[in-house]
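A.B. asks: Here it is: the structure, laid out below.
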Amino acid sequence: MKKVLLSIAALMIAGITFGQTKFGIVAGPNFSSATVKSAGNKETGDLVVGLRAGVTADLPLADEFYIGTGLLYAGKGSKTNDNLKTTLSYLQVPINFLFKPEVGAGSLNLGAGPYIAYGLGGKHKGTVGNASAEWKAFDDESTIIGGKLKRFDAGLGIVAGYEMKAGLYLGINADLGLVNAYDNTDNDRSWRNTSFGVSVGYKF
Numbered sequence: 134m135k136k137v138l139l140s141i142a143a144l145m146i147a148g149i150t151f152g153q154t155k156f157g158i159v160a161g162p163n164f165s166s167a168t169v170k171s172a173g174n175k176e177t178g179d180l181v182v183g184l185r186a187g188v189t190a191d192l193p194l195a196d197e198f199y200i201g202t203g204l205l206y207a208g209k210g211s212k213t214n215d216n217l218k219t220t221l222s223y224l225q226v227p228i229n230f231l232f233k234p235e236v237g238a239g240s241l242n243l244g245a246g247p248y249i250a251y252g253l254g255g256k257h258k259g260t261v262g263n264a265s266a267e268w269k270a271f272d273d274e275s276t277i278i279g280g281k282l283k284r285f286d287a288g289l290g291i292v293a294g295y296e297m298k299a300g301l302y303l304g305i306n307a308d309l310g311l312v313n314a315y316d317n318t319d320n321d322r323s324w325r326n327t328s329f330g331v332s333v334g335y336k337f
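Residues 134 to 337, numbered by the numbering used here, are exactly what the sequence shown covers, in order.
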C-alpha cells in the first residue's frame, strides 16, 4: 500500500511539473452491499449507506484523455436478513482512464479502471432478540466466528459525470470488488464488496 501511495504521489508531482493536472475535492453518499458465499449458500446483502469523499487529480495523457486518481475515504458494508450489519471504512486509490470530451458549457467525464483499498476499520453488529453484540471486522476477535476480513481490497471502478467550466462537478460512481475479502476462505467462503454512489465536487 505504501508503494502504491508513493507511486500516486509521484504521478501527481509529475502532473504539477507539466502544469496541466486538475486537482479537486469530491463527496457524496455511498450505497454498498456484499455478496457472501458460505457453506454452498450465496447471498447479496441489503444496502448500507456510507460516505465517499476525498481529493482527486486528473493527469493529462493526450487531448481529452486523462488518468483520474486521488485518495478517497470510502464507507462500505452490508446488512443481512439474519440481523447482522457490517460497516467498513477504507482508504481507496482509484486509477481510472478518463475520456473528457467537451459537451455544451463543460465536459463529460467517462472513465473506468482498477482501484485498491486498505481497511482503516470496521465492525460486525449482530442482534438476537433484545441482545446485541459487535466485534471488529479486521481484527482477530472476528476469527472465532469466522467473520474476519482482510484489510486489502481491490476491484474495478466506473465513473461518469459532468464538469462545468467553472469547476463544479456532478457525478456517479460504482465499485465492483474482485478480491475475496474473507481472511479464512475454507469451504470456498467468499466476501466481495460492491457499491455505487453519487457525488458533488469542485475541480481547480
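All C-beta atoms, glycine included, are put in the ideal place defined by N, C-alpha and C.
Measuring only the C-alpha atoms, how far is Leu301 from Leu192?
C.D. replies: Cα-Cα distance, rounded: 18 angstroms.
A.B. asks: Mind checking whether Leu231 and Gly239 have CB atoms under 8 angstroms apart?
C.D. replies: Their beta carbons are not under 8 angstroms apart, which means Leu231 does not touch Gly239 by this criterion.
A.B. asks: Could you tell me which of Val236, Gly210 and Asp319 sits nearest to Gly255, measuring between CA atoms?
C.D. replies: The option with the nearest alpha carbon to Gly255 is Gly210.
A.B. asks: Contact check, Gly304 vs Arg185 under 8 angstroms by CB: the rounded distance?
C.D. replies: At roughly 11 angstroms, the Cβ-Cβ gap does not stay under 8 angstroms, so Gly304 and Arg185 are not in contact.
A.B. asks: I want to know whether the stretch 162 to 179 touches the stretch 305 to 322 - three or more CB-CB distances under 8 angstroms.
C.D. replies: These segments touch.
A.B. asks: Let me confirm a value: Thr150 is counted as buried when at least 16 other C-beta atoms fall within 10 Å, else exposed. Which label applies?
C.D. replies: The predicted model places Thr150 with a pLDDT of 49, which falls under 50 and marks its position as unreliable, so this point remains unresolved.
A.B. asks: Quick check: what's the CA-CA separation for Phe271 versus Asp215?
C.D. replies: Cα to Cα, Phe271 sits roughly 21 angstroms from Asp215.
A.B. asks: So the candidates are Ala195, Ser265 and Ile291; which of them puts its Cα closest to the Cα of Ile228?
C.D. replies: Per the Cα distances, Ile291.
A.B. asks: Consult DSSP for Glu197 and reduce its assignment to one of helix, strand or coil.
C.D. replies: In this structure, Glu197 counts as coil in the three-state DSSP scheme.
A.B. asks: Can you check which of these residues, Tyr199, Ser171, Val159 and Ala195, is closest to Leu205 by C-alpha distance?
C.D. replies: Selected option, being the one with the closest Cα: Val159.
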